[in-house]
Amino acid sequence: MRIGFIGLGIMGRPMAKNLVRAGFDVAVYNRSKPPRADLAAAGAHVVSSPADAARNADVVITIVTDSADVEDVCLGPSGVIEGAKQGTVVVDMSTISPEMTRRIGGLLADRGVGMLDAPVSGGEEGAVAGSLSIMVGGDARNLDRVRPALQALGKRIVHCGPLGAGQTVKLCNQIAVSLTNLAVCEALMFAQRSGVDPAKMLEAVSAGAGASWQMTNLGPRMLRRDFSPGFKIRLQQKDLRLALESAREHHLPLPGLALVHQLFASVESTGCGEEGTQALLKALEKLANVKVETGSPPTA
Ligand SMILES: NC(=O)c1ccc[n+]([C@@H]2O[C@H](COP(=O)([O-])OP(=O)(O)OC[C@H]3O[C@@H](n4cnc5c(N)ncnc54)[C@H](OP(=O)(O)O)[C@@H]3O)[C@@H](O)[C@H]2O)c1
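Position one of the sequence shown corresponds to residue 7 (my numbering), numbered consecutively onward.
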């Protein structure tokens, strides 16, 4: 299977490497130059446009930033649509709006090109380990065709429904992820203000009913005050905006999500939008005038 791969960011770079490692013939495109050499060294062919990545490809994977970016690489000048042959399947693994997904899918279908939305969860760690959870929308026959490639990227692949359904499920994931992140921050704040070492709290609670991916992965980073991004606040805010817009269309109140969106906005307003989502802690610390600090170095 020949794969065109577009977008070598935090997620795309390790994902493309996993495809090369699994033995696929991979042509990669990235807008900026720095990640290209890394993929060339790993064994991918580097090409100079999304159209070139799509030429001769059976599957084209895109993982860029937002709705307009997927539109751009798929339908814009030198986009996938200019290079893809009939029967190619485009698999968009970015997190974007379900509505835009359906629009792009419709225009590709007019040219005989299939489309699946297949956003992912599991973070940079999951991308590196090839253990992502992949939420797929679109024609099940197209999913069967691309499944061997997706199996090199993720451990759980769930067909959620028609085109756009993967994005809807991904937004459900983002609602759960961001509210759990807030819960971890509040637990740390409570331990600190109550005079208990937050590292001890994490050690005990992360083996019990309060355990979560956020507690295990983000909690120790918060304690180390390591706010470098696995997932940037700017991207989290994009996803929360997509979820809130979609909820508004459905007349669905999501008060918890609206709150965490505002708290992230306060971190962004201090110039920290490029930091990881664990920097949500800073908003809580500012509200309470408390700094979370451990007496013993966090272990994870
Ligand atoms: N990071 C995570 O933990 C995570 C987890 C799940 C899902 N996601 C989703 O996965 C997607 C990528 O996230 P990421 O963390 O990998 O982001 P990132 O590190 O910011 O990388 C974004 C990539 O997209 C490219 N890009 C953006 N707009 C483009 C355009 N208009 N034309 C061509 N290339 C464009 C960028 O190219 P340049 O190098 O030229 O800027 C870069 O390679 C997002 O939709 C995000 O929401 C991320």
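The C-beta atom is built at its ideal place from N, Cα and C for all residues, glycine as well.
Since the model is a prediction, treat every value here as computed from it, not as a measurement.
- Cβ-Cβ distances below 6 Å link M106 to S73 in the same chain, with the five nearest sequence neighbours on each side left out; the list follows chain order.
- Contact between M17 and E130 holds: their C-beta atoms lie close to 7 Å from each other, under 8 Å.
- Residue pairing by DSSP places I163 opposite I140 in a beta bridge.
- In this structure, the CA atom of Y35 is about 19 Å from the CA atom of A158.
- When the five nearest sequence neighbours on each side are left out, the beta carbons in the same chain lying within less than 7 Å of the beta carbon of E77 are those of M106 and I110, in order along the chain.
- Inside the region 142 to 205, DSSP marks whole alpha helix (DSSP H) runs of 4 or more residues at positions 146 to 157 and 171 to 199, from first to last along the chain.
- For the 8 Å CB-CB criterion, L169 and L248 do not form a contact.
- By the CB criterion at 8 Å, A124 and V142 fall inside the cutoff.
- Counting only runs of 4 or more residues that sit fully inside the region 70 to 121, the alpha helix (DSSP H) segments are 73 to 81, 86 to 89 and 104 to 116, in chain order.
- When rounded, the separation of the alpha-carbon atoms in N148 and L287 is 42 Å.
- Taking each of S137, L122, N179 and P40 in turn and checking the Cα distance to D150, the smallest one comes out for L122.
- Within the same chain, M17, P20 and M21 come within 6 Å of A133 by CB-CB distance, once the 5 residues on both sides are set aside.
- Comparing alpha-carbon positions, the option among A57, I69 and Q92 lying closest to P83 turns out to be A57.
- Taking a C-beta distance under 8 Å as the contact criterion, V66 and T101 do not qualify as a contact pair.
- Counted as a single uninterrupted DSSP element, the beta strand (DSSP E) harbouring A33 occupies residues D31 to Y35.
- When rounded, the separation of the alpha-carbon atoms in N295 and A289 is 10 Å.
- The criterion of a C-beta distance shorter than 8 Å is not satisfied by N187 and S127.
- Within the model, the alpha-carbon separation for V26 versus A135 is close to 14 Å.
- Less than 8 Å divides the Cβ of L138 from the Cβ of G160.
- Within the region 12 to 61, the complete beta strand (DSSP E) segments at least 3 residues long are 31 to 35, listed from N- to C-terminus.
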